[in-house]
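If you read the sequences in order, they're chains A and B.
End of the first sequence = 306 in this note's numbering, gap-free, step of one.
End of the second sequence = 537 in this note's numbering, gap-free, step of one.
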Amino acid sequence: MTAFVVRRIVVNIVVFVLIGIGVFLLVRAAPGDPVRMMIRPEDLQEGSEAFIQARRAELGLDDPILVQYGRWFLDAITGDLGSSFVNRQPVSELLLERLGPTILLMSTALGISLLIAIPLGVVAAVRRNTSVDYAAAALSLGVISVPSFFLGIVAIYVFSLQLGWLPSSGMSTAGGGGGADILKHLIMPAAILGLAGAGPLTRYVRGSLIDELSADYVRTAEAKGGSPARVVTRHALRNSLIPLITIIMINIPQMLAGAVVLEQVFAWPGMGQLAVRAVTTQDYPVIVGFALYVAALVLVCNLVADLAYAVVDPRVKVT
Amino acid sequence: MAMVLAVAACSDPTQDDDTGSAGDEGTNGASEDTTLNAYLYQPPAANWSPMAPANGSDGIVMNLIYDSLLGVDPDYELYPRLAVDMPEISEDGLTITYTLQEGLTWSDGEPFTAEDVVFTYNLMADPDTGSTASGRFADVVGAPEVAAGTADTVTGFTAPDDHTFQIQLAKPNVGLVGLTGNIWIVPQHALESVPIDEMDTTEFFTQAPTVGLGPYVFQEYRTDQYVHLVKNPAFREGEVDIDEIYLRPVTSDVATAQLGTGEMDLVQISPADLETVEALDGIEVGSGPGAGYIRTSVNEKKPYLQDVRLRQAMLYAIDRQQLIDEALGGHAQPVNSSFMNDALPDGLETYEYDPDRARELLAEMNWDPNQVITLTWIPGQRDRDTAATVLESQLGEVGIKLELNQVQPGQLTDMMNNGTYDMTLYGGGNYATEPFAVYAINGCDTFYPTGGNLSYWCNEEFDALMLEANATVDETARYDLYRQAGQIENAEVPMIYLYNPDTIWAHSDRLSGFVPNGDFTNPFWNVQEWSLDG
């Protein structure tokens, strides 16, 4: 087991470094010039060119790309991801202060997804081909089909404008704060993100449980006189959740993508807003830093999925 | 989106989310704090340095926390702020003297003196501070040495006494007043220990610009959520009425909706939202003309784009009034010159929509109808996207084949660097306050990238008039020269002038004293005259 974990971690580190190289080179291969873009053409004046040349030299943009990468890599392994070209603040600081809100949003959304998907999937599987099952299918297909930003706008309209129950944007009331206040701001974006994630999850829970329900051990359990509820929850559901772990872990990056969009709609102060802005201003260090954070998240999720699989399913032997 | 906004109109206007009361400690008896919530069209870059590249959101904040020698009013006229009057320019045009108000203090109580002004102007003239505008001071004695790194301070900036700031010029440059009089003054006592080359990363500018001369003091920036400002007790006109301001970056749709719920008091809106907002109860709308305008450059480095008759034909072929009505609901003015206000000459050719005249001009110059011209622009702004398609169809009608090319900002930068574009659609700038600003987009020696001349149009007579005007101290004579230059520009059509869009503001009727400003970075220009009920 230890050898497996160590091997997987080493592989992940190699992949992580390769991702770093790839992103570093790709953002620089994109057309444009981050320094030149700081000044709109109509604002160009005598002296602008001096600023552009000086800033390019200062940021090391005139050096060969491998030199730039080498310098960045040596800093990065000490945890220094450089500074934003735009506001000159350290990338790690910019990302870390936005990491918390993004994780809060995503983890709440994931919790909501599971709270919806598991009961709904179980009911759909047990009562399959009944109206309950069809309703569950319609619901999951519905939330899969409707883009979350649209749901977001509809929710703002209904819950903020019409009913006035929830604030329409941000993470806390200006000048206010506190847990309850953040919770109020969290409900809408997290529920929508969670709902979007619950759609596919419900289908997986249903499919996985149906497979298990037709297994021999379930028949055995039924034959031994277990009540239907006990057979489903204690036997079939437990086993059907094993593949779900992988599905959830694989879905986390997708959920992050959804969060990026919803952060825009709800002005949620997470990493997504920063990343979108960094892309439009070609803020290379921030783009690379964001990509690395996301890459780290994906790799960790995959690792956790593998390990969890081994722990949960005794049949999986790792060496 | 339209649905959301349409129904925002029907929402309950009595619902009033007073966000300022959350942190109240219960000061009974004292009058309630008044809090204004205003919209930022994007989160600030969070570098509140006057030297940093212009960024509209940060500009709105800096206009509140800093002050300047001169200000610009909604008519784009200069007026004195920290100065007691407009500066005196010596007869030879070589000395500009500002007299400063006496007895002013910074928000931390330190006295404000002319040394602060000298300090700030030195920072602006030194590219090592991250200043993008050092070239503006090229005519100031000693400034080229600082720009070149061979001197530390500009000898031409002096403070003969605590209340006098003087600029010595190597050659007359009257436009310097209009182009640099509104520089935000920063406190020497808070910044003098910062090394010059660390000025753009210093904590004062990136985290806590808490000392200023403006009507408000910077309190806090909650990342991507809001900038919190409180009134400055030491403001030169006395304490302002509204105690606190929250500037909140949200999407324009949410901002418009929040006007209806009372969560937002002041919002810049697009013409498309105007009808919805006007239908809201308790919301007032005002607008002002912008300081720049939307145009397309015509790259004269391309042999097939050099004939002036082609550019004139294009103007005749485009129904610009119809374009304004279609793209902006009529909230813009057609433009026929880069010059504005007093510098705008009378009797200009207005290039009224006349496709027959366009065809005549094209026939006269033997225009090859098979020649394809590419129009490049960054999509995403409704009016510009509409303009591009209108241009395509209307130029097509007179026999000019236009091909539309949407690009990302980075691609456009590359195309500009390499000069590979035919025409680009863009806009902005500020030509309303200081007419000499037009030189930066039309001069023979301001070709991109030295300046913003993206058409590579060059007319020596025009240049001579502009330079002479900028060296002429007498105002009447100066503006006469600018108008002559304007005549040439109007006839030669260095770019396809389109329109000058209005800046539209919507605000709660609880807010009084608001005077709409066409400069979208300065809605708070007269905030000391504002008050907020209930």
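Cβ coordinates follow ideal geometry from the N, Cα and C atoms, glycine included.
It should be emphasised that the depicted structure is a prediction, and the values quoted were computed from it without experimental measurement.
| Query | Result |
| --- | --- |
| Can you list, in chain order, the stretches of the alpha helix (DSSP H) that have 4 or more residues and sit fully within the region 370 to 444 of chain B? | 385 to 400, 412 to 421 |
| Identify, in the order they occur along the chain, each residue of the same chain with its Cβ nearer than 7 Å to the Cβ of A208 of chain A, setting aside the five sequence neighbours on each side. | V218, H222 |
| For E91 of chain B, which residues of its own chain have a beta-carbon under 7 Å away from its beta-carbon, when the five flanking residues on both sides are left out? | T100 |
| Checking the sheet assignment: what are the DSSP bridge partners for M337 of chain B? | The identity of residue 337 of chain B in the sequence shown is Pro, whereas the question assumes Met. P337 of chain B pairs with B:Y502. |
| Considering only DSSP beta bridges, list what P348 of chain B is partnered with. | The partner list for P348 of chain B (beta bridge, DSSP) is empty, contrary to what the question assumes. |
| So, helix, strand or coil for Y204 of chain A, using DSSP? | helix |
| Run through DSSP, which three-state label would A41 of chain B get? | strand |
| Closer than 8 Å, Cβ to any Cβ of chain A: which residues of the region 450 to 462 of chain B, in chain order? | Y451, P452, T453, G454, G455, L457 |
| Report the rounded CA-to-CA distance for C461 of chain B versus D522 of chain B, giving the unit in angstroms. | 29 Å |
| Whole angstroms is fine: what's the gap from A37 of chain A's alpha carbon to I174 of chain A's? | 50 Å |
| Can you find a C-beta in chain B that's less than 9 Å from the C-beta of H144 of chain A? | Residue identity check: residue 144 of chain A is Tyr in the sequence provided, not His. Output row for Y144 of chain A: interface = yes. |
| Considering Cα atoms alone, identify which of B:L43, B:T38, B:N433 is closest to Y296 of chain B. | B:N433 |
| With 9 Å set as the bound, which would you pick, yes or no: does the beta-carbon of N40 of chain B sit closer than that to a beta-carbon of chain A? | yes |
| At 9 Å on the CB atoms, spell out the chain A contacts of M343 of chain B, in chain order. | Residues of chain A passing the Cβ test: none, with the nearest at roughly 14 Å. |
| Please report the residue range of the beta strand (DSSP E) in which A162 of chain B lies. | 160 to 164 |
| Which residues in chain B have a C-beta closer than 7 Å to the C-beta of S35 of chain A? List them in chain order. | T135, G138 |
| State the CB to CB distance for the pair S458 of chain B and N302 of chain B, rounded to an integer number of angstroms; the pair is presumed to be in contact (CB under 8 Å). | 7 Å |
| Assess, as a yes-or-no matter, whether the region 55 to 66 of chain B is touched by the region 284 to 293 of chain B under the definition of 3 or more beta carbon pairs within less than 8 Å. | no |
| So the candidates are B:V177, B:Y44, B:D119, B:R323; which of them puts its Cα closest to the Cα of A141 of chain B? | B:V177 |
| Can you pull out the residues from the region 261 to 275 of chain A whose beta carbon lies closer than 9 Å to at least one beta carbon of chain B? | L261, R264, T267, T268, Q269 |
| Quick check on the DSSP output: the beta strand (DSSP E) that includes Y82 of chain B runs from which residue to which? | 81 to 83 |
| What's the gap between the Cα of V476 of chain B and the Cα of T377 of chain B? | 43 Å |
| Just tell me which of B:L262, B:E266, B:N344 has its CA closest to the CA of G293 of chain B. | B:N344 |
| Cβ of R1 of chain B less than 9 Å from any chain A Cβ? | The displayed coordinates of chain B run from 4 to 537. Any statement about residue 1 of chain B would go beyond what the structure contains. |
| Can you grab the Cα-Cα spacing for the pair T98 of chain B / D268 of chain B, in whole Å? | 44 Å |
| For Q228 of chain B, decide whether its Cβ has a neighbour in chain A, counting only Cβ atoms nearer than 9 Å. | yes |
| Which parts of the region 220 to 271 of chain B are runs of the alpha helix (DSSP H), unbroken and 4 residues or longer, counting only runs that do not cross its ends? | 255 to 264 |
| State the Cα-Cα distance for the pair L172 of chain B and V144 of chain B, rounded to the nearest angstrom. | 5 Å |
| Would you say the region 397 to 417 of chain B touches the region 439 to 447 of chain B, given that touching needs at least three Cβ pairs under 8 Å? | no |
| Anything in the region 406 to 424 of chain B with a Cβ closer than 9 Å to a Cβ of chain A? List those residues in chain order, please. | V410, Q411, P412, G413, Q414, L415, T416, D417, M418, M419, N420 |
| Is L43 of chain B near R251 of chain B, with beta carbons less than 9 Å apart? | yes |
| I'd like to know if N185 of chain B contacts chain A, where contact means its C-beta is closer than 9 Å to some C-beta of that chain. | no |
| Taking contact to mean at least 3 C-beta pairs separated by less than 8 Å, is the region -6 to 9 of chain A in contact with the region 382 to 389 of chain B? | no |
| Counting only C-beta atoms, is E148 of chain B closer than 9 Å to chain A at any point? | no |
| Would E352 of chain B pass as an interface residue toward chain A - the criterion being a Cβ-Cβ separation below 9 Å? | no |
| Determine whether the Cβ of D284 of chain B lies closer than 9 Å to any Cβ atom of chain A. | no |
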